[in-house]
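Participant:
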Ligand code: SF4
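Written out as structure tokens, the structure is:
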């Protein structure tokens, strides 16, 4: 078996930053510590944080005192307001690239734009963005929803959830331009998402099997698996090595491995190890080819 790790895979700079801030808070704060929803969408990271005494809550109203950590996905200003009114210490780990979208939609709303937000209505990031321009934002995700978006001759802008597929964004844009010739476009898909999708696409067409490591709750991991599945029919999403099934392989395949932006490195290494074991057990000699990438950093955060 030849195992190819994509150039960009696993935790992005925004997730690293959020986890580091949460760990530091767990070490330094004396009172109870909570995180709103999940710090990042990965079950292993969430469980590790719970073991450090940081537990998830679904609503600020559940927190009677102590510290509240805001996740990397960001929140509506009303959440911060409520936390402050409850005298909670707030540690805000919102990714700077999500904060940038908050600033964009706020500025557009101030200029009375109709804002079309391509994203999943129930995703934490999308709900947070909506809270920054409440009455101006119209959330949609499927092409079939476009005819239901409000018609207007006034200014209209498109923004995106950071983890959408680049290809899908372009398809949506083409359709929207027919309906709104005046459309102002803000492609807010983040650099980390784009790099992970592009590097998965770069190898998926030459692979017999593609494995994406990430949790089902992770939008960017689900998207990666879909993107890889466009070029490689046997494309699977696994949360951890134990979910990799022996029956997916005969042992001599070319297998591509990628991972969502919220997946810690050790989970990727566990999956690679499991693939090597499967290959060896079927009488093959596995090899691992790694495309090393440069260290990522935030770009263009104003
Ligand atoms: S995926 Fe993008 S927006 Fe989300 S935390 Fe990572 S860098 Fe930030």
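Numbering (the numbering used here), first residue to last: 73 to 374.
C-beta atoms are modelled at their ideal positions from N, C-alpha and C, and glycine is treated no differently.
1) Just to confirm, are residue 229 and residue 180 a CB contact at a threshold of 7 Å?
2) Report all residues from its chain with a CB closer than 7 Å to the CB of residue 262; omit the five preceding and five following residues, and keep chain order.
3) Span of the beta strand (DSSP E) holding residue 158?
4) Start and end of the beta strand (DSSP E) containing residue 255?
5) With hydrogens ignored, establish whether the beta-carbon of residue 169 is closer than 6 Å to any heavy atom of the ligand SF4.
6) Sorted by chain position, which residues of the same chain lie with C-beta nearer than 8 Å to residue 93's C-beta, five sequence neighbours on each side aside?
7) At what residue ranges does the stretch 254-327 contain a whole run of the beta strand (DSSP E), taking only runs of 3 or more?
8) Could you check whether the Cβ of residue 86 sits closer than 6 Å to any heavy atom belonging to the ligand SF4?
9) Span of the alpha helix (DSSP H) holding residue 341?
10) Where does the unbroken beta strand (DSSP E) through residue 362 begin, and where does it stop?
11) Is residue 234 near the ligand GTP - that is, is its Cβ less than 6 Å away from at least one heavy atom of it?
12) Less than 6 Å between C-beta atoms, sequence neighbours within five positions excluded: which residues of the same chain meet that for residue 53?
13) How many whole angstroms separate the CB atoms of residue 105 and residue 132, which I take to be in contact at a CB cut-off of 8 Å?
14) For my contact list, residue 265 and residue 78 are in at a C-beta cut-off of 8 Å; report their separation, rounded to the angstrom.
15) Please report the residue range of the beta strand (DSSP E) in which residue 234 lies.
16) In whole angstroms, what separates the C-alpha of residue 258 from that of residue 177?
Facilitator: Reading it off the structure:
1) Taking the chain shown and counting its residues from 1, one reaches residue 229 at position 157. Taking the chain shown and counting its residues from 1, one reaches residue 180 at position 108. For residue 229 and residue 180, yes; Cβs fall inside 7 Å.
2) On the chain shown, residue 262 is found 190 positions in, with the first residue counted as 1. Same-chain partners within the cutoff: 169 and 234.
3) Here residue 158 refers to the residue found at position 86 when the chain shown is read from its first residue. Looking at the DSSP string, residue 158 is not in any beta strand (DSSP E), and its letter there is neither H nor E.
4) For the purposes of this step, residue 255 is identified with residue 183 of the chain shown, where counting begins at 1. Premise fails: residue 255 is in no beta strand (DSSP E) and is neither H nor E.
5) Residue mapping note: residue 169 aligns to position 97 of the chain shown, counting from 1. Answer for residue 169: yes, Cβ within range of the ligand SF4.
6) Sequence index remark: in the chain shown, residue 93 carries index 21 (1-based). Around residue 93: 141, 163 and 165.
7) 281-285 and 307-310
8) On the chain shown, position 14 is the one that residue 86 refers to. Correct: residue 86 has its Cβ closer than 6 Å to the ligand SF4.
9) Counting from one through the chain shown, the residue named residue 341 turns up at place 269. Taken as a continuous stretch (DSSP letters only), the alpha helix (DSSP H) holding residue 341 covers 337-353.
10) In the chain shown, residue 362 corresponds to position 290, counting from 1. 359-362 is the span of the beta strand (DSSP E), which, as asked, contains residue 362.
11) Here the bound small molecules are the ligand SF4; the ligand GTP is not part of this structure.
12) Outside the displayed range of the chain (73 to 374) lies residue 53, so it cannot be described from this structure.
13) As a working mapping, residue 105 is identified with position 33 in the chain shown. As a working mapping, residue 132 is identified with position 60 in the chain shown. That pair is no contact at about 14 Å.
14) Residue 265 sits at position 193 when you count from the first residue of the chain shown. Residue 78 sits at position 6 when you count from the first residue of the chain shown. About 13 Å separates the beta carbons of residue 265 and residue 78, which is beyond the 8 Å limit, so they are not a contact pair.
15) Here residue 234 is taken as the residue at index 162 of the chain shown, counted from 1. Unbroken run through residue 234: none, as it is neither H nor E.
16) Locating residue 258 in the chain shown gives position 186, counting from the first residue. Locating residue 177 in the chain shown gives position 105, counting from the first residue. For residue 258 and residue 177, the gap between their C-alpha atoms comes out near 10 Å.
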